[in-house]
Every structure is written in C-alpha cells, then in structure tokens.
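The listed protein sequences derive, respectively, from chains A and B. Terminal number for the first sequence in the working numbering: 22, no gaps in between. Terminal number for the second sequence in the working numbering: 152, no gaps in between. One structure is given below, encoded as structure tokens.
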Amino acid sequence: HEGVVATVKEAGRSIHEIPREE
Amino acid sequence: EGALGYVREFTRHSSDVLSNLNELRLRGILTDVTLLVGGQPLRAHKAVLIACSGFFYSIFRGRAGVGVDVLSLPGGPEARGFAPLLDFMYTSRLRLSPATAPAVLAAATYLQMDHVVQACHRFIQASYEP
C-alpha cells in the first residue's frame, strides 16, 4: 500500500458479538 | 452408521468470504443501503454493517430498519473518519495516521465499535510517546 509505515497485528476481538437468541 | 466423522476446515474461508463481500460492495452488487456521511453517499450491505457496528445493529435489527435504504447520519461522523471504518468492516485492516486518528476515533465511538475505539486509543497513545 502506498504510504503505509507499518502494519500492527491486533489479535483480539475486532467487533461486537451479536447476542445468541435467548 | 456411526462412521467416524471427519471435518475439513478451510482456514482461509472467512477472509475469502469477506474479500468477496468487499468486491460486491465495490461493484454495487446487493448493496441495500446508502449512507450519507458528510453529504458523501456510501453504498454498503446492511448485513455487514449490523455485524460490525453496535449502532447499526440497533438500527437495522428491528422492523424499523427494514424499509431504510438511505440513511443520513446528522451530527454523525465526518467522511474522513467513517470511510476508513467502512473499509475496515470489509477488509479487517484499519488505516490510521496521526492526522486521521481523532476523526476515526470519533466515528468508531458513534458507531459503537468498542474494539476499534480501544485500538485508536492505543495508536494515539503510542504516537505521543517519544
């Protein structure tokens, strides 16, 4: 990619978890 | 009957699906909502938005979200903060720079994307350290 200095890996959860149907 | 079951796990599958969804977005295939962000129209798939954002989850999960095909976000995020988040949703890669991080942080807060908010805080914190 143009202009990308560094890529840092994020291992944790990235987005919310949609609750399972009760 | 009772034969041992074997599972073949295609470990690239989730990223390949996401990459195809991004191609569909770029070509406007099955996109079902236009987001007006800072006046700029952005096409997307509600299913991807709802999967990635607590804000969109609360809007589109109910019946009220069914007929919505144009959504303006008054007082919401500016395009330069929102666009990197939309790309993140479809690519898993969040582009950040010292110049854009505050706008991305504001947009992620608005969209209730808490994990991205935390990553933006880490980035901003790190950019202040000598």
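Ideal Cβ placement from N, Cα and C applies to all residues, glycine included.
Setting aside the 5 residues that flank it on each side, S94(B) is surrounded in the same chain by L58, each with a C-beta closer than 6 angstroms to its C-beta; the list follows chain order.
The stretch 99 to 111 of chain B and the stretch 59 to 71 of chain B touch, with no fewer than 3 CB-CB distances between them shorter than 8 angstroms.
For S94(B), the enclosing beta strand (DSSP E) stretches over residues V92 to S94. Where P99(B) is concerned, there is no enclosing alpha helix (DSSP H), because DSSP gives it neither an H nor an E. Annotation for V8(A): no beta strand (DSSP E) segment contains it, and DSSP assigns it neither H nor E.
Going by DSSP, Q62(B) is part of the beta strand (DSSP E) stretching over Q62 to A66. Where T131(B) is concerned, there is no enclosing beta strand (DSSP E), although the alpha helix (DSSP H) around it starts and stops at A123 to Y132. In this structure, L107(B) and A66(B) do not form a Cβ contact; the two beta carbons are roughly 11 angstroms apart against a cut-off of 8 angstroms.
For V55(B), the enclosing beta strand (DSSP E) starts and ends at V55 to V59. In the three-state DSSP reduction, Y79(B) falls in the helix class (H, G or I). For S80(B), no Cβ of chain A is located within less than 8 angstroms of the residue's own Cβ. Close partners of E10(A) in chain B (Cβ separation under 7 angstroms): A141.
Under the three-state reduction of DSSP output, M111(B) falls in the helix class.
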